[in-house]
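Enquirer:
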Amino acid sequence: MGVLIFKGMTVGILPGDCVISLAESGASESKLILSTAYNVIPLWLRIARDSLNDAKVACDNIAQNWSDNADSKKALLVAELAPSMQVIVSCGIALDALYDMLKPYAKLSTDDVARWKRNRTGRGTQIAEVARRVLKFKKEQMKEVKKAITEIIRFRDMAVHPTLELKNALPRPDLEIGVDWKFSAYRFSNAQACFHTTMQIFIFAHQSKNLEEKLVVAFANIFEALEELGVVKINT
């Protein structure tokens, strides 16, 4: 039985899974079990891209079909909220996975980890710090990267750990009406900025010249998978 291999997939043979032996008849017998690891980071980025396309359609529908009908307004806003929220959640998951990729190379000491725990350092700040150490952003770049990552993770967390705490209604810049804060935060323009920033971080990592060889291979695999999924086109 063959094994289906995707672009960017890690393929190998675990100890004991390749055995060649001789039967009593003198004939040779062999056993080979292939092991694989499919990285889902590219899949989360495709989910984000596809959801962003849906959010764009919903945003255009708001601009074209906004009326005085309350039920129509609600339906239009919900149609934009759902995919916009999915973009931010998916990008947050991809950044969380990036942290796990980079952490072994970040030279974090036990004191660093203990300080994070003691100070209850937010996940976004942790991801940004690991990215700073490994990807070597310039100082002026890092300020923007840290701000973007912490915002994405904050809104990801608010989406996946929702609360019914009362908050002031907010105006929408494009609408003459106040809305629940979620319809202001999780809208197409914010989702677009979130996806663009997340992809730029991965592109920066892929193009970095100062990474350990294993990370170079890992990011190359991610972009091969992204190409197979139709998210990017790699120039050859």
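Residue 852 is where the sequence shown starts when you use this note's numbering, and the numbers rise one by one after that.
Don't be surprised by glycine CBs; every beta carbon is placed ideally from N, CA and C.
#1: With T1014 as the anchor, note down where its beta strand (DSSP E) starts and where it stops.
#2: So what's T976 in DSSP terms, helix, strand or just coil?
#3: When you compare each of V908, M860, L894 to L885 by their alpha carbons, which one comes out closest?
#4: To the nearest angstrom, how far is the alpha carbon of M936 from that of A1044?
#5: Report yes if the C-beta of I864 is less than 6 Å from at least one heavy atom of the ligand MN; otherwise report no.
#6: Can you tell me where the alpha helix (DSSP H) with G863 in it begins and where it stops?
#7: Between the stretch 975 to 982 and the stretch 933 to 953, do at least 3 Cβ pairs fall closer than 8 Å?
#8: Kindly list the residues whose CB is nearer than 8 Å to the CB of A957, restricted to its own chain and excluding five residues on each side of it in sequence; keep chain order.
#9: With A957 as the anchor, note down where its alpha helix (DSSP H) starts and where it stops.
#10: When DSSP labels each residue in this structure, what does P1022 get in the three-state scheme?
#11: With a threshold of 16 other CB atoms inside 10 Å of the CB of L1077, please say whether the residue is buried or exposed.
#12: Count the other CB atoms within 10 Å of the CB of G1081; is the residue buried (16 or more) or exposed (fewer)?
#13: If distances are taken between C-alpha atoms only, which option among N890, I864, E880 comes closest to F857?
#14: Please confirm whether A1042 and L894 have their CB atoms less than 7 Å apart.
#15: Below 7 Å between beta carbons: does that hold for F1006 and V996?
#16: Which residues does DSSP pair with I871 in a beta bridge?
#17: In the DSSP assignment, what residue or residues form a beta bridge with A888?
#18: With 16 other CB atoms within 10 Å as the buried threshold, where does N1061 fall?
#19: Within 10 Å of its beta-carbon, does Q1058 have 16 or more other beta-carbons around it, so buried, or fewer, so exposed?
#20: Measuring CB to CB, does I1004 end up less than 7 Å from R1038?
#21: Pull up the CB-CB distance for S941 and A1010, whole angstroms please, since I reckon it's below 8 Å.
Expert: The answer reads as follows:
#1: Here residue 1014 is taken as the residue at index 163 of the sequence shown, counted from 1. T1014 -> no beta strand (DSSP E), and no H or E assigned at all.
#2: The sequence position of residue 976 within the sequence shown is 125, counting from 1. If DSSP states are grouped into helix, strand and coil, T976 belongs with the helices.
#3: On the sequence shown, residue 885 is found 34 positions in, with the first residue counted as 1. If we check each option's Cα against that of L885, M860 comes out closest.
#4: Here residue 936 refers to the residue found at position 85 of the sequence shown. Here residue 1044 refers to the residue found at position 193 of the sequence shown. Straight-line Cα distance between these residues: approximately 13 Å.
#5: Absence of the ligand MN from the depicted structure is noted, as is the absence of any ligand whatsoever, leaving it without description.
#6: In the sequence shown, counting from the first residue as 1, residue 863 sits at position 12. Not the alpha helix (DSSP H): G863 falls in the beta strand (DSSP E), residues 861 to 863.
#7: yes
#8: The sequence position of residue 957 within the sequence shown is 106, counting from 1. The answer, listed in chain order, is E980, V981, R984, V985.
#9: Working through the sequence shown from its first residue, we reach residue 957 at position 106. Looking at the DSSP string, A957 is not in any alpha helix (DSSP H), and its letter there is neither H nor E.
#10: Along the sequence shown, one-based indexing puts residue 1022 at 171. Here P1022 sits in strand by DSSP.
#11: Numbered from 1 along the sequence shown, position 226 holds the residue referred to as residue 1077. So L1077 counts as buried.
#12: Numbered from 1 along the sequence shown, position 230 holds the residue referred to as residue 1081. So G1081 counts as exposed.
#13: Translated into the one-based positions of the sequence shown, residue 857 becomes position 6. Checked all of N890, I864, E880; the closest Cα to F857 is N890.
#14: Within the sequence shown, numbered from 1, the residue matching residue 1042 stands at position 191. Within the sequence shown, numbered from 1, the residue matching residue 894 stands at position 43. Against a cut-off of 7 Å, the Cβ pair of L894 and A1042 comes out as no contact.
#15: The residue you call residue 1006 lines up with position 155 of the sequence shown. The residue you call residue 996 lines up with position 145 of the sequence shown. No, they are not a contact pair.
#16: Here residue 871 corresponds to residue number 20 of the sequence shown, with the count starting at 1. Answer is S881.
#17: Residue 888 sits at position 37 when you count from the first residue of the sequence shown. Bridge partners of A888: T861.
#18: Sequence index remark: in the sequence shown, residue 1061 carries index 210 (1-based). By the 10 Å Cβ count, N1061 comes out exposed.
#19: On the sequence shown, position 207 is the one that residue 1058 refers to. The residue is exposed, with fewer than 16 neighbouring Cβ atoms inside 10 Å.
#20: Your numbering for residue 1004 matches position 153 in the sequence shown. Your numbering for residue 1038 matches position 187 in the sequence shown. Against a cut-off of 7 Å, the Cβ pair of R1038 and I1004 comes out as no contact.
#21: Along the sequence shown, read from residue 1 onward, the residue named residue 941 stands at position 90. Along the sequence shown, read from residue 1 onward, the residue named residue 1010 stands at position 159. About 10 Å; that fails the 8 Å criterion.
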